[in-house]
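Only one structure is covered here, and it is reproduced in the block below.
Number of protein chains: 2
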Amino acid sequence: MSEDIERQAIKLAALAHPARLKIVRQLANENACCVKHLVVTTDLAQSTVSQHLKTLLKADLVFFRTEKQSSWYELNREGFSQLSKELDHMFNDCCKGCDS
Amino acid sequence: MSEDIERQAIKLAALAHPARLKIVRQLANENACCVKHLVVTTDLAQSTVSQHLKTLLKADLVFFRTEKQSSWYELNREGFSQLSKELDHMFNDCCKGCDS
DNA sequence: ATCGTATATCGTCGATATACGATGAAAGGC
DNA sequence: GCCTTTCATCGTATATCGACGATATACGAT
Chain A
0 MSEDIERQAI
10 KLAALAHPAR
20 LKIVRQLANE
30 NACCVKHLVV
40 TTDLAQSTVS
50 QHLKTLLKAD
60 LVFFRTEKQS
70 SWYELNREGF
80 SQLSKELDHM
90 FNDCCKGCDS
Chain B
0 MSEDIERQAI
10 KLAALAHPAR
20 LKIVRQLANE
30 NACCVKHLVV
40 TTDLAQSTVS
50 QHLKTLLKAD
60 LVFFRTEKQS
70 SWYELNREGF
80 SQLSKELDHM
90 FNDCCKGCDS
């Protein structure tokens, strides 16, 4: 399906940047991080980090909640495992019998 | 390692485009395709398809050989499975005990 | 040598991505 | 009330992407 491809491309694009990969690794290690912490570890401006987080959020790769003054971001592990499975499927036994 | 992140980002970026995902699916189905065939199935200009194939090639996601006047492109299945494993690792048990 | 076919590369241009600083909103402490 | 901290968003400058047509290259056929 064509929408699948679009959605996959959006997820992959969201991951296809060193800064966002670093953020994801950080989140994988710490379960949840607030923005300030990610600003320190990525060594980028706070506005830039917020922008990257928005990209990850739009791709359904992270969750987000506010607590006091802070925003906490957390990995969406299901989103990742779905993507990983789709990648496997795509090159292993893709489209045996499907149309597109 | 930082180079790992760069390399992963390049691979992910190479996949992060609907046209290139379609090409990859086509290659997954047919084992090998020449450019002309991909031009027909993607409905893009030949120069555009060549450009996309170059992107996939630089990311080590496809192999390439010439035969007579044609270029044949083929999936690098190892490249894909490596990427899929790295993705799994990244969000499952990334960096238990490593430095970066 | 010339022609036709298949492909790669170049040049261009609009669209999108990436970075930053500035500004403002929300919440807590004084 | 006012100040600080934390974060999101806006505006802007720049870089990269993605599409195309035009051109170059390679090679088999005539």
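Residue numbers (numbering that gives the first Met the number 0), protein chains in the order written: chain A, 0 to 99; chain B, 0 to 99.
For each residue, glycine too, the CB sits at the ideal point set by N, CA and C.
Notebook entry, point to check: Nearest chain A C-beta to Asp-42 (chain B) closer than 8 Å, yes or no?
Noted result: Put simply, the CB of Asp-42 (chain B) is far from chain A, with every gap to its CB atoms at 8 Å or more.
Checklist line | Ala-13 (chain B) and Thr-54 (chain B) closer than 8 Å at C-beta | finding: In contact: Ala-13 (chain B) and Thr-54 (chain B) (Cβ atoms closer than 8 Å).
Notebook entry, point to check: Any idea if Lys-10 (chain A) is buried or exposed, counting beta-carbon neighbours within 10 angstroms, 16 or more meaning buried?
Noted result: Buried: at least 16 other Cβ atoms inside 10 Å.
Next item on the list: Please report the Cβ distance between Ala-18 (chain A) and Thr-41 (chain A), rounded to the nearest whole angstrom; I am assuming they are in contact, meaning their Cβ atoms lie under 8 Å.
Entry: That pair is a contact at about 6 Å.
Next item on the list: Could you have a look at Lys-56 (chain A) and say whether DSSP puts it in helix, strand or coil?
Entry: Lys is not the amino acid found at residue 56 (chain A); the sequence shown has Leu there. Three-state DSSP puts Leu-56 (chain A) in a helix.
Item checked: Proximity test, Cβ basis, 8 Å: Asp-87 (chain A) and chain B -> Yes, contact with chain B.
Check: What number of angstroms, rounded off, separates the C-alpha of Leu-56 (chain A) from the C-alpha of Phe-63 (chain A)?
Finding: Taking the Cα positions, Leu-56 (chain A) is about 8 Å away from Phe-63 (chain A).
Next item on the list: Could you work out which residue in B:Arg-6, B:Gln-25, B:Asn-75, B:Ser-83 is closest to Val-48 (chain B) when comparing CA atoms only?
Entry: Looking from the CA of Val-48 (chain B), the closest CA among B:Arg-6, B:Gln-25, B:Asn-75, B:Ser-83 belongs to B:Gln-25.
Item checked: First and last residue of the uninterrupted beta strand (DSSP E) at Leu-74 (chain B) -> Membership of Leu-74 (chain B) in the beta strand (DSSP E) is indicated by the continuous run 69–74.
Next item on the list: Whole angstroms is fine: what's the gap from Ser-46 (chain B)'s alpha carbon to Glu-66 (chain B)'s?
Entry: Their Cα atoms are separated by approximately 19 Å.
Checklist line | Beta-carbon spacing of Phe-90 (chain B), Ala-15 (chain A) below 8 Å | finding: Pairing Phe-90 (chain B) with Ala-15 (chain A) gives a Cβ-Cβ distance that is not under 8 Å.
Notebook entry, point to check: Whose Cβ in chain B lies nearer than 7 Å to the Cβ of Ala-8 (chain A)?
Noted result: Per Cβ cutoff of 7 Å: Ala-15, His-16, Pro-17, Leu-20.
Notebook entry, point to check: The alpha helix (DSSP H) with Ala-27 (chain B) in it runs from where to where?
Noted result: Unbroken alpha helix (DSSP H) run through Ala-27 (chain B): 17–29.
Next item on the list: Answer yes or no: does any C-beta atom of chain A fall closer than 8 Å to that of Phe-62 (chain B)?
Entry: No, because no Cβ of chain A sits closer than 8 Å to the Cβ of Phe-62 (chain B).
Next item on the list: At 7 Å on the CB atoms, spell out the chain B contacts of Val-39 (chain A), in chain order.
Entry: By Cβ distance, chain B contributes nothing, its closest Cβ being about 14 Å from Val-39 (chain A), past 7 Å.
Notebook entry, point to check: If you follow the alpha helix (DSSP H) that Leu-37 (chain B) is part of, which residue opens it and which one closes it?
Noted result: For Leu-37 (chain B), the enclosing alpha helix (DSSP H) begins and ends at 34–41.
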